[in-house]
Structure formats: C-alpha cells, structure tokens
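Inspection log for the structure reproduced underneath, given as structure tokens.
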Ligand SMILES: Nc1ncnc2c1ncn2[C@@H]1O[C@H](COP(=O)(O)OP(=O)(O)O)[C@@H](O)[C@H]1O
Ligand SMILES: [Mg+2]
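Protein chains in written order, with the working numbering: chain B, 1 to 248; chain Z, 1001 to 1308.
And the structure:
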C-alpha cells in the first residue's frame, strides 16, 4: 500500500437505484501490473471496470490513477478516457467503419492527428495485433477473434497508460480465443498495465500479479495467483474456482 | 449451392428476358420524361432557341397527323394532339413541383436531423422536439399552408435577395410550409432509425474519449441515417404528392396548372390522367433514386437484417 500505487481503488461503492452493486471495493496496482478480476456473473466486475473510466459513476470511495482522483467532479472525463483504453466483451466495433477506420477514429477526432497520421497509426496498431492484411475489412467481414483484435488495436491507438479488458474472450468460439490471448500476452510482455476481467484461468495464472475475487459486489479475497488458486482462504473462492474449472 | 451453376431453365430465361424488357421500357419512359422536361427548361431559359417560348417541342398537328395514319392509334390522335399542345404548361408546372419538393426535402432534412437527435438524446430539448413534431404532424398540412399564406401573409415578407428566384413570391411560402411540415415527418423516421443503433456503439465512442455530441456525429448518425433510408423514402414520395397542395395557395405547380387547363377546356379526365402519369414518373424516379443511394452507401453487415 505504498503512496506511489499507479491505480488505487479505495472503498468504492456503487448503487443502481436502490440496489447496491459494489460494496467498499478496494485494491491497488503498480505500473506494469496485471490484475485479474474474477467472480460470478452479476458480481459487479463490469461495473467496477466502468467506474475506473467513468462509464459508470461510483457514489462513494476513491479511485486514484497516477495520483489523480478519478471520481472528482472536476475531472475532465474525456481526458481520462483518452488515457484509459477499454476492450469489450461484445467487441463494440464501429459497424460502419473498416478496421483502419475503427482504430483511426480516436487518434483523428480525439487526439487531433491529421488524416494521414491517424491512418498510419491505425495501420501500425493493426499490424501489432496481427491484422496487417485486414486493414480495409468491415467488422461484419471479420471473425470474432479478428474483431476483438481490432478492438484491442483501437484502444491501443490512444496510447493509454491503463488498459481495461471486460471478458475479452467470453463471446468467442473456443478456437478463436487463443489469438486474442496471444495479443494480450504480448501486451503484458511490453509492460502494459492491465486490469482484466476474465474466466481464462490459465491466462490469469500465467500473467496476473494479483487476482481479485468479487462476489455480490464485495472483494471476498485477493492475492497472487499461486495463493488464490492453490490455497484459497475463503470457502466461496474455492467453490467458485471449482465451478469454473469444471466448465473447462 | 450446387444449383448456382445449373443452367437456367427455359421458363427462367423467359422470365428473365421479360424482366429486362420491363426494365428497358421503364428506363426508356424515364429518359423520355426527363428529356422532355430538361429540353423544355433549357429552351425556356435560353429564350426559345428551339421553339418559341410557350410552344410545344413538337407541333401538335404533326403528332395528330402521324397517329391518324396508324390504324390502332387513330382513335386517339385528336386527344394526343391536345395533350401535346398542353405540354409547355405541364412542363413548367412539373418543374416547379420538382423544385419545391427537392428544396423542401433538403431544408427539411437539415432541421429533421437535430430534431431527431434531440428527441433521442436530449432532456429538455426532447420535449421541445416532441411538441414540434406532434404539432406539425397533428394538424392538416393545408391548414398550415393557409396560416402561412393567408394568416401571416408571409408572401409579402420574402426577402429581396431571394424574391426574384421564382416568378411568384408565394413559392417561397410553400417551400417554407413543406420544409417545416416535412421536417417533422422526416424526424420521426430518423428518430426510429437512431434508436436502432446499438447502445454499445455509443459506449465504445465514449470510451475512446469522444464527447456525447462527437459520438452522435461520428458514430450514431452515419449508421442511423443509413438505416433511415428506406422509411425516409416514403416521406420523399409523400412530399411529391402533397406538394400539389401548394396549388391551393396559388402556386402554379403541376396540379395547379392541370386544374387551370381542365377548367378552361373541360377535358378533366384526360388532363388529370396525364397529370397522374407525371406524378407517377416523379414518384418512380424518387424511389429508384433512393434505392440507388442505399446501394451506393451500403456497408457490409450494416442493417442487413433490419429491413423494416
Ligand atoms: N446499467 C445498469 N442498470 C442497472 N443495473 C445494472 C446496470 N448494469 C449492471 N447492473 C446490475 O449490477 C450488478 C452487477 O452487474 P455487472 O457489473 O454487469 O456484473 P458482472 O460483470 O460481474 O457480471 C448486476 O446485478 C446487474 O444487474
Ligand atoms: Mg460483466
């Protein structure tokens, strides 16, 4: 709990109407860390991610990113989102734009690069995720795995300092999961700071610095993967992991 | 799949050639109609280089004489001659109908897009847009034209800068009326299309740092407006026909001209039959044009399974 934590989430609570979906959630990450959020469906994982880039508004608590209070009412939300990339379960690619168009839109319209600069950057990012041969394909012409890689390239093109992944492989056919995980592995190797919601336990085990287990909007247990997977302290954690394992 | 390479049966080949004959006839009729309109207009504009202004492009007597020599058509020769004699008036009326419809539709679109956007994404402004569309859609168009023309006497307020564009200032009043009314209908069609753009598209736009307005402009509108084309075409077609209401505030468009000719000659059936064909030609052109536009801007996978 040093003062120079890169991301520090403290006692975050969030209600949708009367329903409290996050209860005093706390965890922290250093620069370059990979934290994996796990938990049953409806436990608040997506909501937690969305609070970090303010797609959802937490009512209580604090989220410090690089020393700045994300939840401050004075914060420029669009500025925050420029620095925090997000990858969605359903890809959410802009359906009317080609792969290059999807990736170039942010650099062009948000960062203000010229048309050519934005296109060049988009091409570089698509090459980075192995899609140099699909630059001008529309989302509907790409496989799910390719679409998700475009989604990752789109986020990377903003040169974010933190990447949020919300179940990036859950919507994919099993044979397409590998290519997306491979790209994510590459990002880990490059030192990207990543907060990842996933049920890919082997991925979590391989790259996570810390696993946070959420249930019912509460952090039940957190720790390094070896500890959480081999010797969970809470019974609920063990039961959840067993259930996940039996699905694989 | 295998049947894709199977040779066409005789029945299929006949059907296909019937279809191409039909298409050919339609294209020929369209070319004749628009050619006649264009040449009439150029002739007028250049002060009668081909035939004196106000005269038919081909002499009615010649048409009548030619048809009289063809056995099956001889019975209609006199009627044809009469119609040809009326073509200069009909051409002028048709042009005005085209211009009024086109200008009103374009101006209405400019108003309709913000109306639809505020309806879907606004808070207070959503209520203003709702009030506007309900008022304009809930009262008769003819009553709206009467209020603008007789009630507010707007024809006398047309700015000098544009008053000379048309022979009569009242044309601007009609354009204003159709613009305001058409905007309300167009906005309804566009609103429906915007609502069918997936929520995740907006989330993704916001997530890369686009503002709400930027997301609407760069993400929602390009998709929503494409979805809107088929239903929006209805409004285009309706406006062509509703533009005949301008005749009731003395705008000399196609319907007004036809009514005048009929009143003078008592050839009601013939004149309105011919006028009907003109409207049909305009309507068919509009819908063919919009099908072309839709194909032209189509994007793979976009709106494929949401045809309304
Ligand atoms: N936009 C929303 N409005 C109301 N309730 C929501 C909304 N989004 C999520 N919830 C609720 O919040 C809870 C947590 O949801 P979510 O964060 O999506 O969980 P997870 O991602 O872990 O499956 C669920 O009970 C869900 O129904
Ligand atoms: Mg979720």
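Ideal Cβ positions, reconstructed from N, Cα and C, are used throughout, including at glycine.
| query | result |
| --- | --- |
| Whole-Å CB distance - residue 11 of chain B paired with residue 61 of chain B, under 8 Å assumed | 4 Å |
| Short CB-CB distance (under 7 Å) between residue 95 of chain B and chain Z | yes |
| Any C-beta of chain B under 7 Å from that of residue 1330 of chain Z | Past the boundaries of the shown model lies residue 1330 of chain Z; chain Z is included only from 1001 to 1308, so the question cannot be answered. |
| Neighbouring residues, chain Z, relative to residue 16 of chain B (Cβ below 9 Å) | Those do not exist, as residue 16 of chain B stays about 16 Å from chain Z at its closest Cβ, beyond 9 Å. |
| Pocket of ligand 3 defined by Cβ to heavy atom distance under 5 Å | Ligand 3 is absent from the structure shown, which contains only ligand 1 and ligand 2. |
| DSSP beta-bridge partners of residue 88 of chain B | In the DSSP output, where bridge partners are listed per residue, residue 88 of chain B has none listed. |
| Inter-stretch contact (C-beta, 8 Å, three-pair minimum) for the segment 19-31 of chain B and the segment 175-183 of chain B | no |
| Residue 13 of chain B - DSSP class collapsed to helix/strand/coil | strand |
| Separation of residue 1210 of chain Z from residue 78 of chain B, as counted between CA atoms | 7 Å |
| Chain-ordered chain B contacts of residue 1214 of chain Z [CB-CB under 7 Å] | 109 |
| Residues, ordered as in the chain, of the segment 1195-1213 of chain Z that lie near chain B by beta-carbon distance below 7 Å | 1200, 1201, 1203, 1204, 1206, 1207, 1208, 1209, 1210 and 1211 |
| Beta-carbon proximity list for residue 1270 of chain Z, same chain, < 8 Å, skipping 5 on both sides | 1079, 1082 and 1083 |
| Coarse secondary structure for residue 1314 of chain Z, derived from DSSP in three states | The question about residue 1314 of chain Z has no answer, for chain Z in this structure spans 1001 to 1308. |
| Selected residue, minimal CA-CA separation from residue 1226 of chain Z, among Z/1072, Z/1238, Z/1258 and Z/1290 | Z/1290 |
| Chain Z contacts from the segment 75-107 of chain B (Cβ-Cβ distance under 7 Å) | 78, 81, 82, 86, 88, 90, 92, 94, 95, 96, 105 and 106 |
| Where residue 198 of chain B falls: helix, strand or coil (DSSP) | coil |
| 7 Å Cβ cutoff, residue 1300 of chain Z in contact with chain B | yes |
| For residue 23 of chain B, three-class secondary structure by DSSP | strand |
| Cβ-based burial, residue 1172 of chain Z [other Cβ within 10 Å; buried from 16] | buried |
| Chain Z residues whose Cβ lies nearer than 9 Å to that of residue 55 of chain B | 1203, 1206 and 1207 |
| Residues near residue 95 of chain B by beta carbon distance below 8 Å, same chain, minus five either side | 138, 139 and 140 |
| C-beta contact flag for residue 126 of chain B and residue 135 of chain B at 7 Å | yes |
| For residue 1276 of chain Z and residue 269 of chain B, the rounded distance between their alpha carbons | Chain B is shown from 1 up to 248; residue 269 of chain B falls before or after that span and cannot be answered. |
| Exposure label - residue 1206 of chain Z; buried when at least 16 CB within 10 Å | buried |
| Any chain B beta carbon closer than 7 Å to residue 1219 of chain Z | yes |
| Beta-carbon contacts of residue 1240 of chain Z that lie in its chain and below 8 Å, excluding the five residues immediately before and after | 1097, 1101, 1279, 1282, 1283 and 1286 |
| Contact set between residue 168 of chain B and chain Z, taken where Cβ atoms lie within less than 9 Å | Within chain Z, no residue comes near residue 168 of chain B; the closest Cβ sits about 14 Å away, beyond 9 Å. |
| Cross-strand partners of residue 29 of chain B (DSSP beta bridge) | B/7 |
| Length at least 3, wholly inside the segment 51-80 of chain B: the beta strand (DSSP E) runs in chain order | 60-65 |
| Residue 220 of chain B (DSSP reduced to helix, strand or coil) | strand |
| DSSP-derived helix/strand/coil call for residue 192 of chain B | coil |
| Rounded separation between residue 981 of chain Z and residue 105 of chain B - CA only | This structure leaves residue 981 of chain Z out entirely; chain Z is present only between 1001 and 1308. |
| Status (buried if at least 16 other CB within 10 Å, exposed otherwise) for residue 59 of chain B | exposed |
| Residues sharing a beta bridge with residue 120 of chain B, DSSP | Residue 120 of chain B is not bridged to any residue. |
| Below-7 Å beta-carbon distance, residue 184 of chain B vs any chain Z residue | no |
| Through-space distance from residue 1029 of chain Z to residue 1065 of chain Z, alpha-carbon basis | 23 Å |
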